[in-house]
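Asker: Can you read through this structure? Questions will come right after.
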Amino acid sequence: MESKYNRYILIAITVCCLLLIVVTTFTDQWLAPLRTAVGYLVTPIQSGVNRAGVLLYDGVADYSKLKTALRENAELRDQIAALTEENNRLTSEVFELDRLRELYDLDREYMQYEKTAARVIANDSGDWFQVFRVDKGSADGIREGNNVLAGGGLVGIVTDVGAHYATVRSIIDDSSRVSAMALQSGDTCIVGGDLTLYREGRLTLSNIQKDGDVKDGDRIVTSNISSSYLPGILIGYAKDITLDNNQLTSSGYLVPVAEFHNLREVLIITDVKETADPEVGS
Amino acid sequence: MKRTLVNVILILTAFTIQNCVFPLIPVLVSTPNLLLILTFSFAFMDGRRMGMIYGLLAGILLDLFYSGPFGFYTLFYVYVGYGNGSCTKYFYEDFVTIPLVLSIVNELAYNLYVYVFRFLIRGRLDFMYYFRELMVPETIFTVVTTLFLYRLLLYINRKLRAYESGRDTTFV
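Chain order of the listed sequences is U and B.
If you want my numbering, it's the position in the first sequence, counting the first as 1, plus 1290.
If you want my numbering, it's the position in the second sequence, counting the first as 1, plus 12.
What follows is the structure, given as structure tokens:
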């Protein structure tokens, strides 16, 4: 008797899950309140455990870092000298740039977006997905579709927001696709995550038109025509561009500027790109 | 009752450690799937019904945490609970071989499930790469962790059972 009941329960749960999977594949808006409610319970725990873990790990890591730091210090002194010189030169160029911008009325330059900093408190378990959670949410002005930066480059996009947390899918996730363009030539391309490549620190770069001018080392930024990424955010540098078998497009790899293996703090742009199509992540 | 409560707290703890502490340790090639170990261990000890309940809890936690189709993990974890609960008749204390075999089977099933429904479905055909780089390391880590964790869980389980039966006799 007991086992029969168990079977019924199992079947009932299976049907529920399958229905939910089908429904939420299309829309999961109605789940937001539930997720937020659970977030109130789980986020403080995650935040606390994360902080404790960081403290512990940092303590151990500090000593080993000291030696490297001393050596780095010497190297950095040399760099400072070189940079000071370069800075002087660049400062003079900035004045020139300002004048030119005024001329061309380009003051809607990209890096003037509103940003807020957040701490990474949890990562996806296992290696299949590159998704992480940060400790800021809708209460801090974060909305679904916000772009996330770290280390001067694009890291990902907010896919789910609670009151005090947000889930970010990074661009190295296997299902991530970013519409991008080469900064110099303006050729559009697609930057895609690939699980088989991310350990080598690469992403795929595809759909470059055959006659497009993208060379190794070109800066790749988010494109103007992307539906969910703000334009002009640096993603990385092109590498090993070759012509595809179809003789119509070229593809290659992209080396991202952001470091993904040890993300702790990220910047979230609280502006959302205004488009007619609200779909996220395409 | 008390045992269930302790098990639920253990599952929550495992979930938090898995998500918040393991990613901080950069030397790890892969990480053990603690939530899976706990779910199948409890199911193996307590039978189908409780196995399904623990599986439901673990699955919902994962589903709520990640965006994507809701129910994806719940479905799998409930089956883990049910399937491993069916093996409860082979449950003898201090007999570790079966849990180890179960951990391999569960881990491979879990990874295959993720691979087929989240990767193969999008045309990622290079199965051997995923098998070599993701499934095998994670399975090894999980099996080794099971070796230690299962004994600990068994110990906690035994203590709580003793506590419960002691209290029951005073009631009856």
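Each residue gets a CB set at the ideal place from its N, CA and C atoms; glycine is no exception.
Note that this is a predicted model, so its numbers are computed, not measured.
With a floor of 4 residues, list each alpha helix (DSSP H) that falls wholly inside the region 60 to 136 of chain B, ordered by position along the chain.
Answerer: Taking only runs of at least 4 residues, the alpha helix (DSSP H) segments lying wholly in the region 60 to 136 of chain B are 60 to 77, 84 to 97 and 109 to 126.
Asker: Taking Cβ positions only, does U/ALA1440 come closer than 9 Å to chain B?
Answerer: With 9 Å as the cut-off, U/ALA1440 does not count as an interface residue toward chain B.
Asker: Straight-line CA distance for U/GLU1404 to U/ILE1558?
Answerer: Cα-Cα distance, rounded: 8 Å.
Asker: Less than 9 Å between CB atoms is the rule here; does U/ILE1335 satisfy it with respect to chain B?
Answerer: Cβ-Cβ to chain B under 9 Å: yes for U/ILE1335.
Asker: Taking the alpha-carbon of B/GLY63 as reference, which of B/ILE133, B/TYR94 and B/PRO149 has the nearest alpha-carbon?
Answerer: Among B/ILE133, B/TYR94 and B/PRO149, the Cα nearest to that of B/GLY63 belongs to B/TYR94.
Asker: Taking C-alpha atoms, which residue in U/GLY1452, U/PHE1419, U/PHE1422 and U/ASN1437 lies nearest to U/PHE1429?
Answerer: Sequence check: residue 1429 of chain U is Ala here, not Phe. Checked all of U/GLY1452, U/PHE1419, U/PHE1422 and U/ASN1437; the closest Cα to U/ALA1429 is U/GLY1452.
Asker: Report the partner residues of U/SER1469 according to the DSSP bridge assignment.
Answerer: Paired residues: U/ILE1480.
Asker: By DSSP, does U/ASP1388 sit in helix, in strand, or in coil?
Answerer: It is helical.
Asker: Excluding the five sequence neighbours on either side, which residues of its own chain have a C-beta within less than 8 Å of the C-beta of B/VAL9, listed in chain order?
Answerer: The shown model of chain B, from 13 to 184, leaves out residue 9 of chain B, and the question about it has no answer.
Asker: Give every residue of the same chain whose Cβ lies closer than 7 Å to the Cβ of U/ASP1395, excluding the five residues on either side of it in the sequence, and list them in chain order.
Answerer: Reliability of the predicted coordinates at U/ASP1395 is poor, the pLDDT of 49 falling under 50, and the value obtained from them is presented with this limitation in mind. So the list is empty, once near-sequence residues are dropped.
Asker: Assign U/GLY1571 to one of three DSSP states: helix, strand, or coil.
Answerer: Only weak support is given to the placement of U/GLY1571: the predicted model assigns it a pLDDT of 44, under 50, and the value that follows is read from those uncertain coordinates. It is coil, neither helix nor strand.
Asker: Name the DSSP beta bridge partners of U/TYR1527, please?
Answerer: According to DSSP, which records beta bridges pairwise, U/TYR1527 is partnered with U/ARG1509 and U/VAL1545.
Asker: Expressed to the nearest angstrom, what Euclidean distance is found between the alpha-carbon atoms of U/ASP1397 and B/ALA121?
Answerer: With a pLDDT of only 41 at U/ASP1397, under the threshold of 50, the placement of this residue in the model should not be trusted; the figure read from the coordinates follows. Rounded to whole angstroms, U/ASP1397 to B/ALA121 spans 55 Å at the Cα level.
Asker: Grab me the residues of B/ASN123's own chain with a C-beta within less than 6 Å of its C-beta, minus the 5 sequence neighbours each way, in chain order.
Answerer: Taken in chain order, the residues that qualify are MET147.
Asker: Checking the sheet assignment: what are the DSSP bridge partners for U/VAL1424?
Answerer: Partner(s): U/VAL1410 and U/ALA1456.
Asker: In the DSSP output, which residue or residues are listed as bridge partners for U/LEU1533?
Answerer: U/SER1540.
Asker: Between the C-alpha atoms of U/VAL1332 and B/LEU24, what's the straight-line distance to the nearest angstrom?
Answerer: Approximately 9 Å between the Cα atoms of the pair.
Asker: Any beta carbon of chain B sitting closer than 9 Å to that of U/VAL1312?
Answerer: Answer yes: the Cβ-Cβ gap between U/VAL1312 and chain B drops below 9 Å somewhere.
Asker: By the 10 Å Cβ neighbour count, where 16 or more other Cβ atoms means buried, how is U/SER1354 classified, buried or exposed?
Answerer: Label assigned to U/SER1354: exposed.
Asker: Determine whether the Cβ of U/ILE1480 lies closer than 9 Å to any Cβ atom of chain B.
Answerer: It does not; no Cβ of chain B falls within 9 Å.
Asker: Given a cut-off of 9 Å on the beta-carbon distance, is the pair U/GLY1431 and U/THR1406 in contact?
Answerer: Yes, the pair counts as a contact, with Cβ atoms nearer than the cut-off.
Asker: Buried or exposed for U/TRP1418, going by 16 or more other Cβ atoms inside 10 Å?
Answerer: Flag for U/TRP1418 reads buried.
Asker: Within the continuous beta strand (DSSP E) that includes B/ILE49, where are the two ends?
Answerer: Where B/ILE49 is concerned, there is no enclosing beta strand (DSSP E), although the alpha helix (DSSP H) it sits in stretches over 46 to 58.
Asker: Along the chain, where does the beta strand (DSSP E) containing B/ILE29 start, and where does it finish?
Answerer: That residue, B/ILE29, is in no beta strand (DSSP E); it is neither H nor E in DSSP.
Asker: Taking only the alpha-carbon atoms, compute the straight-line gap between B/ARG173 and B/ILE65 and give it to the nearest angstrom.
Answerer: Those two C-alpha atoms are separated by around 19 Å.
Asker: Do the CB positions of B/LEU40 and B/PHE153 come within less than 9 Å of each other?
Answerer: Yes, the pair counts as a contact, with Cβ atoms nearer than the cut-off.
Asker: Hey, is U/SER1354's beta-carbon within less than 9 Å of any beta-carbon in chain B?
Answerer: No, because no Cβ of chain B sits closer than 9 Å to the Cβ of U/SER1354.
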